[in-house]
Structure formats: C-alpha cells, structure tokens
Amino acid sequence: MRRTVLLSDLHMGAGGKHEQFRADAALAALLEDFAADPCVAEVVLLGDTFDLGGGHPSASAEPPAPDRLYDVLRAHADVVASLRELVRQGTRIHVVQGNHDVELAGVTVRSALLRVLADGDATSVRFHPWLHHVPGVLLAEHGNQHHDINAFDTVLTPLASDDRVADEPFGGQLSRLRHEHRGAHLLPRATQAAAREALRRSGPRRWRRRREYRQHALPRYAADVQLPRDVVLDLDRLGQRHPAAVVARLLSQAARRGRYPGYLVAAAHDVRQALGDAAPPFLVMGHSHAADARLLDSHDHASPMTYLNTGTWSLRGPRPGDTTLPPVTSTWVEVDVVDGSVAACARVLHLAGDGAHTVLAEADTRGRVERLSRQSLPAAVTADYVT
Ligand SMILES: [Mn+2]
1104 MRRTVLLSDL HMGAGGKHEQ FRADAALAAL LEDFAADPCV AEVVLLGDTF
1154 DLGGGHPSAS AEPPAPDRLY DVLRAHADVV ASLRELVRQG TRIHVVQGNH
1204 DVELAGVTVR SALLRVLADG DATSVRFHPW LHHVPGVLLA EHGNQHHDIN
1254 AFDTVLTPLA SDDRVADEPF GGQLSRLRHE HRGAHLLPRA TQAAAREALR
1304 RSGPRRWRRR REYRQHALPR YAADVQLPRD VVLDLDRLGQ RHPAAVVARL
1354 LSQAARRGRY PGYLVAAAHD VRQALGDAAP PFLVMGHSHA ADARLLDSHD
1404 HASPMTYLNT GTWSLRGPRP GDTTLPPVTS TWVEVDVVDG SVAACARVLH
1454 LAGDGAHTVL AEADTRGRVE RLSRQSLPAA VTADYVT
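Be aware that the sequence shown starts at 1104, since it is given in this note's numbering, and climbs by one per residue.
Now the structure itself:
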C-alpha cells in the first residue's frame, strides 16, 4: 500500500506579530510520524505552504523572495528539520504553488528550497506550478485559479525576469486598498481599480500573451501532466473572470455581509465536468481553508469523483458554511493506493491538541463519502475572507 499525504495552507511566515502559522511542534511531530511510516511514499505541500509576500499589503516593502524564504525557513526550523527527515527516509516531497508562494516558480527560490530540504537532490523534491496529476488516482491543485480575485493570468509563468510577480491577481490590489482605506472609502476606489484593470486586461499586450500561452505553453504542459490538451485549455478558461464580474461579486457579497459560500466547491463541480472521462477518483484542493469531502456531480460520466479539501494549519480557520465537516484547522488528506490496483480510499484527518488523529471523512473510488466524526471538535477562528 502506498500512501500520499496532502496538506496545504500552512502560511508559514517569517515570525513576528503577523505570523499566521503557530503549529510548529504539532506539525513537526506529525511529519516525523510520516517519515517513520513506510507506507507514506509521498507528501504533497498543496500551496500557500509559505507566505512569500506576493499580493500582500506590504509587498513592495518585502525583501526579495529568496531572502524572504530563508527568513521563513529560519522561523520554522522544526518543520524544516522534519521535512529533511522525510527526504532522508526516501519520501518524495511535491511542492505545489499557491497564490501566497507563487514565487516558488522562480529558479532561485526553488534551488534555495531544494538546497535546504534535500541538499540539492532534485529527485526527492518536485515542484509543480499548477496541477499535480497522478493518473487514475488524483488531481490536486491549490485552488486559487478558481477564486476570481486570486487567479493568475498565466499561472505557469507568473513571474517577470527579475522573479517578481509579473501579473498580480486583482486580489493583490484589493488587499492593498483594503489596507489603506476602510469602510465607505474602499468601494469607490475598488471600483476605479477594477475599471483600470478591465482596461489593461482588454489591451492588445495581454491578449497576445494569453493567446501565446494557450497556443503553446498549455498544450506542452498538458503533455507534461498527462491530461488531454482540451481538458487543460478548459481548466485554464475556468479561472478567467472579467474584473467587472469580480466587483459585481464583491458588491453583492458586501450586501450579504460577507457570505460567499462554496465558490471552490462550485468550481470543483466545473473541474469534474471539464475532466470528462479523464477524471481520476479524487480531486484535492486547498486555498479555502475549509477541510471537506463531497461527491461531485458526474452528469453523463460514469466514474465518480470526490472533492477533498486539505484545510489549513494557519490561524485563519474555515467559515462553517464552507464545509460539510466540523470547521477545524490542523487537517490533512491521505490517499491510499493498494499495490497493483486502483486508488482504494481517501480520508480527511484532524490533529487534536493531544496528538490524537481523528478521521473526519472517508471516501472510496465508487463515490461513497462517509463523514465519521460525531464528536464535537473545538471550532477554529472564523475568517472574514480568505485570500
Ligand atoms: Mn491560497
């Protein structure tokens, strides 16, 4: 039996009062357990593992990404030591980019992380800019490409030649505006920013870049990740939204006092549709901070696909309306593949303060999803919004 462990949204920062990740000892111990378990073949860090500054209110004041990464790794030495132990025991680590660590697309940042985790051994740490696909088993992505304010225009190539974020999602501008203006002042400025963004997006430069990306980069990438070309083009199109639609959404969200439930689950249904017969049994995402397990609509496709969310280890927990599971943090997903067979099962787990593992949900390849936790777990802090 081969087990793949997926976890996301650790949001490890450089320490200090803005630090979102304070679970060092607990996560380090869990990773040590994985390292000692011969069944655990792969650990997937499914995005927003690090807060590297892209799209942050103070992005311009941040040090360059490699320096920031070293600061983060120094601030979380126990977690880093456990990741090194995983590599030493022969467990492969997959690092998938999220919107908060999109700087991992840069060669300098990648080699810095590779050096720290694996002394530069590129076979034991693999980087993925968008999708991690294991045919017949799972498709995993961070999920920000389905969030209108956090989707990158060309997620495979998000950086300029100086390794700074080239085409920041609209959410970066919004969070800076949110930082500078409050209440009544925010909305007119956000609307102006959206108008400027709409103008920029409809310009010929952006149109040429997108056309080039869809004609060349995405088909090549489809072959790399072993998905049909048209599927990858469809998945790319799902993430493209007009800034006017984003502002309309934000306005209606403000009117409903911040309720914007289930956008990622809705996107997961669309992803399942786009995959068609190429759908593996499990679709795993993070980003929403809401650990979850739900069967997706199969429509006319025969094979069931289950959506699993890895949740978060940060201080910003899920909104209860966003998950069918208890709204907790410190969660992860495991997918077990029995030798020589298809994926047998997947589960969502929670780590309690006393170190106990609780299975929150179990899913199999036939589309059966069982939510197991009847006990009440301490609910996490609820976030206003998650970027
Ligand atoms: Mn994210």
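Beta carbons: idealized from backbone N, C-alpha and C, even for Gly.
The structure presented is a predicted model; accordingly, all values stated were derived computationally and were not measured.
Leaving out five residues on either side along the sequence, give the residues of the same chain with a beta carbon under 7 Å from the beta carbon of R1213. Position 110 of the sequence shown, counted from the first residue, corresponds to residue 1213. Once the five neighbours on either side are set aside, the close Cβ partners of R1213 are L1207, F1230.
Per DSSP, which residues does N1202 bridge with? Please list them. Position 99 of the sequence shown holds residue 1202. Paired residue(s): none; N1202 is not in a bridge.
Please report how far the alpha carbon of E1122 lies from the alpha carbon of G1156, in whole angstroms. As a working note, residue 1122 is residue 19 in the sequence shown. As a working note, residue 1156 is residue 53 in the sequence shown. Approximately 12 Å between the Cα atoms of the pair.
Is the beta carbon of V1436 sitting closer than 9 Å to the one on V1368? The sequence position of residue 1436 within the sequence shown is 333, counting from 1. The sequence position of residue 1368 within the sequence shown is 265, counting from 1. No, the Cβ-Cβ distance between V1436 and V1368 is not below 9 Å.
Go to F1137, then tell me how far its alpha helix (DSSP H) extends in each direction, as first and last residue. Position 34 of the sequence shown, counted from the start, is the residue given in the question as residue 1137. Element bounds for F1137: 1127-1139.
Using a 10 Å radius around the Cβ and a threshold of 16 neighbouring Cβ atoms, would you call S1433 buried or exposed? Here residue 1433 is taken as the residue at index 330 of the sequence shown, counted from 1. By the 10 Å Cβ count, S1433 comes out buried.
What distance in whole Å lies between the Cβ atoms of T1107 and E1145, which are believed to be in contact at a cut-off of 8 Å? What you label residue 1145 is simply residue 42 of the sequence shown in a count that begins at 1. What you label residue 1107 is simply residue 4 of the sequence shown in a count that begins at 1. Sure, about 5 Å apart at Cβ, within 8 Å.
Kindly indicate which residue of P1291, D1380, L1341 has the alpha-carbon position closest to the one of P1331. Against the sequence shown, residue 1331 aligns to sequence position 228. Cα-wise, what sits closest to P1331 is D1380.
To which residues of the same chain is P1160 closer than 6 Å at the C-beta, ignoring the five residues directly before and after it? Stepping through the sequence shown from its first residue, residue 1160 is reached at position 57. With a pLDDT of only 49 at P1160, under 50, the local geometry of the prediction cannot be trusted, and no value is derived from it.
Own chain residues within Cβ distance below 8 Å of A1382, not counting five before or after: Along the sequence shown, read from residue 1 onward, the residue named residue 1382 stands at position 279. Only L1242, R1375, H1404, S1406, M1408 meet the Cβ criterion.
Contact check, V1431 vs A1371 under 8 Å by CB: the rounded distance? Indexing the sequence shown from 1 puts residue 1431 at position 328. Indexing the sequence shown from 1 puts residue 1371 at position 268. Incorrect: roughly 20 Å between the Cβ atoms, too far for contact.
With 16 as the cutoff for other CB atoms within 10 Å, does M1115 come out buried or exposed? As a first step, residue 1115 is located in the sequence shown; it is residue number 12 there, counting from the start. The residue is buried, with at least 16 neighbouring Cβ atoms inside 10 Å.
In angstroms with no decimal places, state the Cα-to-Cα distance between W1075 and D1333. The question about residue 1075 has no answer here: the residues shown for the chain are numbered 1104 through 1490.
Counting only the same chain and skipping the five closest in sequence on each side, list residues whose C-beta sits under 7 Å from that of R1352. Position 249 of the sequence shown holds residue 1352. So the qualifying residues of the chain are D1251.
Length of the line joining the Cα atoms of D1266 and T1468: The count along the sequence shown starts at 1 and reaches residue 1266 at position 163. The count along the sequence shown starts at 1 and reaches residue 1468 at position 365. Whole-angstrom Cα-Cα distance: 41 Å.
Please list, in chain order, all residues of the same chain as V1328 whose beta carbon is under 6 Å from its beta carbon, the five residues on each side excluded. The count along the sequence shown starts at 1 and reaches residue 1328 at position 225. L1234, H1236.
Beta-carbon proximity check, S1111 vs T1413, cutoff 9 Å: Here the question's residue 1111 lines up with position 8 in the sequence shown. Here the question's residue 1413 lines up with position 310 in the sequence shown. The answer is yes: Cβ separation under 9 Å.
Would you kindly check if the distance between the Cβ of V1205 and the Cβ of L1113 is under 9 Å? Along the sequence shown, read from residue 1 onward, the residue named residue 1113 stands at position 10. Along the sequence shown, read from residue 1 onward, the residue named residue 1205 stands at position 102. For L1113 and V1205, no; Cβs fall outside 9 Å.
Per DSSP, what kind of secondary structure is L1259 in: helix, strand or coil? To locate residue 1259, count along the sequence shown from 1; it is residue 156. Three-state result, L1259: coil.
Closest Cα partner of T1257 within the set R1344, A1215, G1193: Here the question's residue 1257 lines up with position 154 in the sequence shown. Ranking R1344, A1215, G1193 by Cα distance to T1257 puts R1344 first.
Out of L1172, C1142, M1104, A1132, state which residue places its alpha-carbon closest to the alpha-carbon of A1117. Your numbering for residue 1117 matches position 14 in the sequence shown. Among L1172, C1142, M1104, A1132, the Cα nearest to that of A1117 is on L1172.
Is any non-hydrogen atom of ligand 1 found closer than 8 Å to the C-beta of D1266, if you look at the structure I gave you? As a first step, residue 1266 must be located in the sequence shown, where it is residue number 163. Checking the Cβ of D1266 against ligand 1 gives no.
Check whether the Cβ atoms of G1458 and A1138 sit closer than 9 Å, and answer yes or no. In the sequence shown, the residue the question calls residue 1458 occupies position 355. In the sequence shown, the residue the question calls residue 1138 occupies position 35. No, these two residues do not count as a Cβ contact at 9 Å.
For ligand 1, residues whose Cβ lies under 5 Å from any non-hydrogen atom: D1151, G1201, N1202, N1247, H1390
Roughly how many angstroms separate the alpha carbons of V1190 and V1451, rounded to a whole number? Counting from one through the sequence shown, the residue named residue 1190 turns up at place 87. Counting from one through the sequence shown, the residue named residue 1451 turns up at place 348. Their Cα atoms are separated by approximately 23 Å.
In this structure, how does DSSP classify E1315 when only helix, strand and coil are distinguished? Residue mapping note: residue 1315 aligns to position 212 of the sequence shown, counting from 1. Correct three-state label for E1315: helix.
May I have the straight-line CA-CA distance separating A1293 from V1350, to the nearest angstrom? As a working note, residue 1293 is residue 190 in the sequence shown. As a working note, residue 1350 is residue 247 in the sequence shown. Taking the straight line joining both Cα atoms gives about 8 Å.
For D1333, report the span of its alpha helix (DSSP H) as first-last. By 1-based counting over the sequence shown, the position of residue 1333 is 230. Element bounds for D1333: 1332-1341.
How is the beta strand (DSSP E) around T1194 delimited, first residue to last? On the sequence shown, position 91 is the one that residue 1194 refers to. Run containing T1194: none; DSSP gives neither H nor E here.
Strand pairing of F1153, partner residues [DSSP]: Residue mapping note: residue 1153 aligns to position 50 of the sequence shown, counting from 1. For F1153, which the question treats as bridged, DSSP gives the partners M1115.
Counting C-beta neighbours from all protein chains within 10 Å, is the total for A1449 16 or more, i.e. buried, or is it exposed? Along the sequence shown, read from residue 1 onward, the residue named residue 1449 stands at position 346. With 16 or more Cβ atoms within 10 Å of its Cβ, A1449 is classed as buried.
Of all the options R1314, S1401, P1307, D1373, which has the alpha carbon lying nearest to the alpha carbon of Q1248? For the purposes of this step, residue 1248 is taken as residue 145 along the sequence shown, with counting starting at 1. For the residues R1314, S1401, P1307, D1373, the minimum Cα distance to Q1248 belongs to D1373.
Tell me whether G1424 is buried or exposed, calling it buried when 16 or more other Cβ atoms sit within 10 Å of its Cβ. In the sequence shown, counting from the first residue as 1, residue 1424 sits at position 321. Per the 10 Å Cβ criterion, exposed.
Taking the beta carbon of E1271 as the centre, do at least 16 other beta carbons fall within 10 Å, making it buried, or is it exposed? Start at 1 with the first residue of the sequence shown, and residue 1271 comes out as number 168. Per the 10 Å Cβ criterion, buried.
Cβ neighbour criterion (16 or more within 10 Å) applied to G1158: Numbered from 1 along the sequence shown, position 55 holds the residue referred to as residue 1158. In this prediction, G1158 has a pLDDT of 45, which is less than 50 and means its spatial position is unreliable; nothing more can be read from the coordinates.
With DSSP collapsed to three states, give me the class of N1253. Reading the sequence shown from its first residue, position 150 is the one you call residue 1253. N1253: coil per DSSP, three-state reduction.
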